[in-house]
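Since the structure comes first, as structure tokens, the remarks are kept for the end.
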Amino acid sequence: MIKVDIAIIGTGTAGMGAYKAAIKHTDSIALIEESKYGTTCARVGCMPSKLLIAAADAIHHAQSLEPFGAKIDGKIIIDGVKVMHRIRSERDRFVGFVLETVKDFNPKHLYQSKAHFINKNTLQLSDGQKIQAKSIIIATGSRTFIPKEFDKLESLVITNDNIFDLDTLPKSVAVVGPGVIGLELGQALHRLNVKTTIFGRGGRVGFLTAPTLKSLTKKILSKELNLQHSSTIKNMKVVPSGVEIEYLDNSGNPQKETFEKVLVTTGRIPNTDKIQIENTGIQLDNKSRPIFDSHTMQCSNSNIFIAGDANNELTILHEASDEGRIAGTNAALYPNIRNKFRRSKLSIAFCNPQLAIIAESYDNLIKNKVNFVTGVVSFKGQGRSRVMLVNQGELHVFFDKTSHLFLGAEMIGPRAEHLAHLLAWSHQSKLTIDKMLQMPFYHPVIEEGLKTALNDARMKL
2 MIKVDIAIIG
12 TGTAGMGAYK
22 AAIKHTDSIA
32 LIEESKYGTT
42 CARVGCMPSK
52 LLIAAADAIH
62 HAQSLEPFGA
72 KIDGKIIIDG
82 VKVMHRIRSE
92 RDRFVGFVLE
102 TVKDFNPKHL
112 YQSKAHFINK
122 NTLQLSDGQK
132 IQAKSIIIAT
142 GSRTFIPKEF
152 DKLESLVITN
162 DNIFDLDTLP
172 KSVAVVGPGV
182 IGLELGQALH
192 RLNVKTTIFG
202 RGGRVGFLTA
212 PTLKSLTKKI
222 LSKELNLQHS
232 STIKNMKVVP
242 SGVEIEYLDN
252 SGNPQKETFE
262 KVLVTTGRIP
272 NTDKIQIENT
282 GIQLDNKSRP
292 IFDSHTMQCS
302 NSNIFIAGDA
312 NNELTILHEA
322 SDEGRIAGTN
332 AALYPNIRNK
342 FRRSKLSIAF
352 CNPQLAIIAE
362 SYDNLIKNKV
372 NFVTGVVSFK
382 GQGRSRVMLV
392 NQGELHVFFD
402 KTSHLFLGAE
412 MIGPRAEHLA
422 HLLAWSHQSK
432 LTIDKMLQMP
442 FYHPVIEEGL
452 KTALNDARMK
462 L
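Everything in the sequence shown is counted per my numbering, starting at 2 for the first residue and increasing by one.
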């Protein structure tokens with residue numbers, strides 16, 4: 002039996018954050034990894050997807066010159082092999098940085114093995130060893146969810162876990178699931194001249210919750226994409242040229258298309274079902290996932306902590322890093338744990354136009370019966386946006402009617418990734434609408450659209 006102060010299951014972003022925090026308090030640590038070192042973000046998530054989007058954006062800009070008085074004399078040739086080679090090359094570079102970080106860890110702390118719980122203090126490793134720990138951190142990450150009906154398609158199904166390993170771009174792709182990953186990859190593939198249809202059910206596209214913005218998202222993206230957001234897939238079968246899909250389209254009309262690949266982007270599920278967590282005795286929800294405190298990362302009132310995608314709450318790199326740090330610190334201090342600071346929430350989708358939710362969403366405010374006003378700006382006539390021909394979308398900002406504090410925002414529009422940061426910083430700084438309007442707004446910039454939305458909200462207070 003190996004005895005340590007802290008055992009950490011998983012060496013992704015959260016696990017590494019937990020290790021770096023825990024090592025400040027104790028040298029008695031077991032850091033357990035069942036597979037390859039390297040984070041979801043670097044290997045299959047944020048970075049390779051942005052590389053694909055960067056290639057797609059470059060091609061799209063080249064094809065959109067005519068309104069500015071220029072055009073390319075000849076055909077733009079997209080070399081799929083070179084596109085994918087650059088993605089893998091840069092992806093491997095990012096993964097290399099992660100591997101270099103792990104190399105700096107104390108080798109005596111590293112265990113390359115699967116682990117599952119025997120009880121709340123003891124882990125069984127697949128190599129036969131057992132580890133007993135005073136505190137245990139679950140940082141097991143998540144995996145792509147593939148519905149069973151796709152099993153029959155076998156190797157013709159791809160996910161964001163393996164799409165970047167393709168030697169070249171496919172000729173056609175059916176994208177199943179119009180969430181963040183589906184929209185980002187689907188639009189990028191479309192712009193790289195891959196015949197693409199995006200399938201969804203129930204009309205949901207992206208993650209925005211304000212009714213006007215949900216409708217606007219569908220309207221704008223449907224102008225460019227074959228976005229079957231309210232479709233029903235009736236049958237799928239393997240044919241010599243790929244996968245034949247029979248479906249009812251948005252209007253309920255029967256359609257039939259054949260695709261070389263089917264990209265399943267129906268979400269990710271936490272890996273907590275693989276570690277026999279039921280043996281710990283901690284409280285679980287109706288999906289057998291640990292109930293935890295997001296300010297301490299403690300599960301129930303136990304010696305077990307959870308961080309990153311494993312807890313299925315805020316599956317974003319900077320949140321996983323923060324949660325790992327909090328879990329690592331509190332695991333070392335247990336039972337004398339501390340509430341830790343959490344940043345304002347920030348979610349961004351890198352489709353075009355981009356989507357963003359900052360702090361509280363419209364749905365959350367309605368659910369919690371908050372008395373608030375909404376300031377609105379349309380980018381359709383916004384000066385700088387129109388100059389650059391990116392004048393699509395709207396920004397909605399939410400303010401408390403009594404305190405005038407900034408509560409949150411949702412948007413679809415140009416440069417949302419930058420506006421979202423300004424708004425997240427404003428929320429974290431607990432700014433009122435008057436304080437926000439006192440900030441400088443240069444002319445002409447897209448940020449002037451934010452000023453318009455703020456003035457609209459101010460008139461409603």
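Built from N, CA and C at the ideal position, the CB exists for glycine as well.
Can you tell me which of the three DSSP states N456 falls into? The residue given as residue 456 occupies position 455 in the sequence shown. Three-state DSSP puts N456 in a helix.
Can you give me the C-alpha to C-alpha distance between K37 and V177, rounded to a whole angstrom? Locating residue 37 in the sequence shown gives position 36, counting from the first residue. Locating residue 177 in the sequence shown gives position 176, counting from the first residue. If I take the Cα positions, the gap works out to 28 Å.
Looking only at its chain, what residues have a beta carbon closer than 7 Å to the beta carbon of V82, apart from the 5 residues adjacent to it on each side? Here residue 82 refers to the residue found at position 81 of the sequence shown. Excluding its 5 nearest sequence neighbours in each direction, V82 has C-beta neighbours in its own chain below 7 Å: D168 and T169, listed in chain order.
Boundaries (first-last residue) of the alpha helix (DSSP H) holding F98: Counting from 1 along the sequence shown, the entry for residue 98 is found at position 97. Start and end: G81 to K104.
Output the boundary residues of the alpha helix (DSSP H) element that contains H61. Taking the first residue of the sequence shown as 1, we reach residue 61 at position 60. Where H61 is concerned, the enclosing alpha helix (DSSP H) stretches over C47 to A63.
Could you name the residues that DSSP lists as bridge partners for E155? Taking the sequence shown and counting its residues from 1, the one referred to as residue 155 is at position 154. In the DSSP output, where bridge partners are listed per residue, E155 has none listed.
For L285, report the span of its beta strand (DSSP E) as first-last. Within the sequence shown, numbered from 1, the residue matching residue 285 stands at position 284. For L285, no beta strand (DSSP E) segment is defined, and its DSSP state is neither H nor E.
Just grab the DSSP bridge partners of D401 for me. For the purposes of this step, residue 401 is taken as residue 400 along the sequence shown, with counting starting at 1. Partner(s): F373.
Between S223 and P445, what straight-line distance do the alpha-carbon atoms span, to the nearest angstrom? Taking the sequence shown and counting its residues from 1, one reaches residue 223 at position 222. Taking the sequence shown and counting its residues from 1, one reaches residue 445 at position 444. Between S223 and P445, the C-alpha separation is close to 29 Å.
Taking the beta carbon of L100 as the centre, do at least 16 other beta carbons fall within 10 Å, making it buried, or is it exposed? The residue given as residue 100 occupies position 99 in the sequence shown. Within a 10 Å sphere around the beta-carbon of L100 sit fewer than 16 other beta-carbons, which makes this residue exposed.
Closest by CA to G464, which one among S295, I54 and G329? Examination of residue 464 is not possible in this model, given that the chain is present from 2 through 462 alone.
At what residues does the alpha helix (DSSP H) containing K436 begin and finish? For this step, residue 436 is matched to residue 435 along the sequence shown. Where K436 is concerned, the enclosing alpha helix (DSSP H) stretches over I434 to L438.
Just the Cα atoms here: how many angstroms apart are S362 and L406? As a working note, residue 362 is residue 361 in the sequence shown. As a working note, residue 406 is residue 405 in the sequence shown. If you take the alpha carbons of S362 and L406, they lie about 15 Å apart.
Limits of the alpha helix (DSSP H) - the one that A333 falls within: By one-based count along the sequence shown, residue 333 stands at place 332. Run containing A333: L318 to L334, per the alpha helix (DSSP H) assignment.
Contact set for D274: own chain, Cβ-Cβ below 7 Å, skip 5 residues either direction: On the sequence shown, position 273 is the one that residue 274 refers to. Here the set comprises S289.
Tell me the DSSP secondary structure of G201 in three-state form. Within the sequence shown, numbered from 1, the residue matching residue 201 stands at position 200. Note: G201 maps to coil in three-state DSSP.
Nearest residue (CA-CA) to F380, options H110, D294 and I221: Locating residue 380 in the sequence shown gives position 379, counting from the first residue. Here the closest residue by C-alpha is I221.
T259 - DSSP class collapsed to helix/strand/coil: The residue labelled residue 259 in the question sits at position 258 within the sequence shown. In this structure, T259 counts as strand in the three-state DSSP scheme.
DSSP state of H241 mapped onto helix, strand, coil: Residue numbering aside, residue 241 sits at position 240 when the sequence shown is read from its first letter. The sequence given here places Pro at residue 241; His does not occur at that position. Residue state, collapsed to three classes: coil.
Could you say if the region 271-287 and the region 182-191 meet the contact criterion of at least three C-beta pairs nearer than 8 Å? Contact annotation: the region 271-287 does not touch the region 182-191, with fewer than three C-beta pairs closer than 8 Å.
Whose C-alpha, out of L154, A308 and A357, is nearest the C-alpha of V263? Residue 263 sits at position 262 when you count from the first residue of the sequence shown. The option with the nearest alpha carbon to V263 is L154.
From the DSSP secondary-structure annotation, give me the bridge partner or partners of E34. For this step, residue 34 is matched to residue 33 along the sequence shown. Bridge partners of E34: Q113.
Output the boundary residues of the alpha helix (DSSP H) element that contains S216. Residue mapping note: residue 216 aligns to position 215 of the sequence shown, counting from 1. Note, S216: alpha helix (DSSP H), P212 to E225.
When the distance is taken between beta carbons, is I317 closer than 8 Å to T281? For the purposes of this step, residue 281 is identified with residue 280 of the sequence shown, where counting begins at 1. For the purposes of this step, residue 317 is identified with residue 316 of the sequence shown, where counting begins at 1. In this structure, the beta-carbon distance from T281 to I317 does not fall below 8 Å.
By how many angstroms is the C-alpha of Q355 removed from the C-alpha of V45? Reading the sequence shown from its first residue, position 44 is the one you call residue 45. Reading the sequence shown from its first residue, position 354 is the one you call residue 355. Each residue's Cα considered, the two are about 20 Å apart.
Starting from E418, follow the alpha helix (DSSP H) in both directions and report where the run begins and ends. Residue 418 sits at position 417 when you count from the first residue of the sequence shown. DSSP places E418 inside the alpha helix (DSSP H), whose first and last residues are A417 to Q429.
What are the boundary residues of the beta strand (DSSP E) that includes L408? Along the sequence shown, one-based indexing puts residue 408 at 407. Start and end: F407 to G414.
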